[in-house]
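Before any comments, here is the structure.
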Amino acid sequence: MTAGVSVTLFVYDLAQSNTLTRWLGLGKYLATVEIYGTRVWAGKKGVETSKDPLDLPLRWTGVIGHTTKSRAETMAVVEDLRDHFKNGSYDAIGNNGNTFASELCVKLCGRDIPQWVNMLYDVFATLHFYPTLQLFKPVHGTSMTA
1 MTAGVSVTLF VYDLAQSNTL TRWLGLGKYL ATVEIYGTRV WAGKKGVETS KDPLDLPLRW
61 TGVIGHTTKS RAETMAVVED LRDHFKNGSY DAIGNNGNTF ASELCVKLCG RDIPQWVNML
121 YDVFATLHFY PTLQLFKPVH GTSMTA
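Here it is, written out as structure tokens:
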């Protein structure tokens, strides 16, 4: 039996082209973390929380690990990260929702999110080719602000 509370990752599609690029191991995704029944994510507006799923196509979900931190300790971790992922600090390559989810999961349960979730951004960061991200058309009615 595993001790602690589940740390669950939800990965949403942010681009219609994910259907074509997924076979390359690339895709434009937004990762959110659910802990204590609340989903937490970071976007252009900073760190946000909700009890409800996002209105985006869900690509994958899975338990990353378990935490023994209390609800208050968990929210303190989120607050610490809020300073780094504040409104206006969003960067598609290095300071995005997936890097937030990665840091949060590591701090809560010592395990990182799957590498494929942020692979597209990692590839473009390595190539220093940021403009190409604009080629990935957002899913109708969505934006990176989610």
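Following the numbering used here, the numbering of the sequence shown begins with 1 at its first residue and continues without gaps.
Ideal placement from N, C-alpha and C gives every residue a C-beta, glycine not left out.
ask   = residue 13 by DSSP, collapsed to three states: which one?
value = strand
query = Between residue 98 and the rest of its own chain, which residues show a CB-CB distance below 8 Å, the 5 nearest in sequence each way excluded?
reply = 29, 30, 31, 113, 117, 118, 121
inquiry  = I'd like to know whether the C-beta atoms of residue 59 and residue 13 end up nearer to each other than 7 Å.
reply    = yes
message = residue 68 and residue 35 - do their beta-carbons sit closer together than 7 Å?
response = no
ask   = Under a three-way DSSP split, which group does residue 126 fall into?
value = helix
task = Starting from the Cα of residue 5, find the closest Cα among 106, 65, 77, 90 and give me that residue.
result = 65
request  = List the endpoints of the continuous alpha helix (DSSP H) containing residue 19.
outcome  = 18 to 21
ask   = Under three-state DSSP, which class holds residue 8?
value = strand
ask   = How big is the Cα-Cα spacing for residue 84 and residue 42?
value = 10 Å
Continuous alpha helix (DSSP H) stretch holding residue 81: start and end = 71 to 84
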